[in-house]
């Protein structure tokens, strides 16, 4: 009847799920991955509050409260691991994003198509090199007796340097290796963002007589701001998670370098593999997860207060 308002009945959840069955089916592998590797292991965090033993199991072991955390705090180990992990990741995030943006801009400025493709291929290659091989290359470079660097120093009349005994050198070495390996691959996102910039902006800049630097400063960099903020927020979630493969293959179990190279992942690995210490290592892992979660929520809140369009949620 004309003039009579009609209301649509809300669709049931099952009906909506059935209509979207193909999309839900495509999501199943990702859901299964997170259920198995992220949510199913969560009850194991209880080990951090117990004096774990195999006979009684996770929930039958004696409850000790925060004793495992107190041990880490009093020993000073937790502060050292936290400091190293955060400082390395801050260096990786800051330098990594700066170099990736610079590299993407330089690739965009290349006009020869074939040279651009060759350059991209060469810069992507380090990302696919195994960290085990990187560790071997580093050993052949820095070894005291037969390393290429010390051989060159001796050949020029100098004294060899004990690189594997000098802790102060390794933050620079590790950061340099990380930048060499990841910058080319990481620049893909920024290069894709540059390709997505409206071409009329470049045309308008050219009509106004903008130089290459002015085009980069006033068109490209402002357009990359949303991408940079989103990637920064994602990186903040992993600021308490170190690149175990890189650190372990470069440094290994060299106690002389622990002051500047020991991160949470390498310490937890040693606790489990050499000391069979599940309780302390689980306490460190739980602290790592809670700290990272709080950091992401705080950073997202700050970004949301500044500009909610750039926030993750």
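Numbering (my numbering), first residue to last: 765 to 1077. For glycine and all other residues, C-beta sits at the position ideal for the given N, C-alpha and C. All values derive from a computational prediction rather than experimental measurement.
Helix, strand or coil for residue i, going by three-state DSSP, please let me know.
i, result
"residue 814", "strand"
"residue 1004", "coil"
"residue 1055", "helix"
"residue 1013", "helix"
"residue 962", "coil"
"residue 911", "coil"
"residue 917", "helix"
"residue 798", "helix"
"residue 957", "helix"
"residue 1062", "helix"
"residue 1039", "coil"
"residue 973", "coil"
"residue 922", "coil"
"residue 1071", "coil"
"residue 767", "Below a pLDDT of 50, predicted positions are generally treated as unreliable, and residue 767, at 49, falls in that range; the measurement from the model is reported next regardless. Of the three classes helix, strand and coil, the one that applies to residue 767 here is coil, per DSSP."
"residue 999", "helix"
"residue 1076", "coil"
"residue 904", "helix"
Measuring CB to CB, does residue i end up less than 8 Å from residue j?
i, j, result
"residue 913", "residue 905", "yes"
"residue 1031", "residue 1048", "yes"
"residue 1024", "residue 932", "yes"
"residue 934", "residue 1021", "yes"
"residue 872", "residue 971", "no"
"residue 951", "residue 868", "yes"
"residue 979", "residue 968", "no"
"residue 961", "residue 937", "no"
"residue 1044", "residue 814", "no"
"residue 855", "residue 939", "yes"
"residue 1077", "residue 1064", "yes"
"residue 974", "residue 982", "yes"
By alpha-carbon positions, which one of the options ends up nearest to residue i?
i, options, result
"residue 828", "841, 811, 1056 and 842", "811"
"residue 1017", "1037, 815 and 886", "1037"
"residue 993", "979, 879, 1068 and 941", "1068"
"residue 849", "920, 1052, 887 and 998", "1052"
"residue 886", "944, 910, 787 and 843", "944"
"residue 832", "1019, 1035 and 1056", "1035"
"residue 707", "1050, 1058, 1039 and 919", "Absent from the structure is residue 707, since the part of the chain shown begins at 765 and ends at 1077."
"residue 1040", "818, 778 and 790", "818"
"residue 862", "988, 778 and 1062", "988"
"residue 809", "965, 788, 916 and 825", "825"
Roughly how far, in whole angstroms, is the beta-carbon of residue i from the beta-carbon of residue j, given that I think they are within contact range, below 8 Å?
i, j, result
"residue 1074", "residue 986", "About 13 Å; that fails the 8 Å criterion."
"residue 895", "residue 1009", "4 Å"
"residue 1060", "residue 1000", "5 Å"
"residue 1028", "residue 845", "5 Å"
"residue 1002", "residue 947", "Contact doesn't hold; Cβ gap of about 17 Å is too wide."
"residue 899", "residue 1013", "3 Å"
**Inside the region 820-885 only - alpha helix (DSSP H) runs reaching at least 4 residues** = For the region 820-885, whole alpha helix (DSSP H) runs of length 4 or above, ordered along the chain, are 821-824, 831-839 and 841-873.
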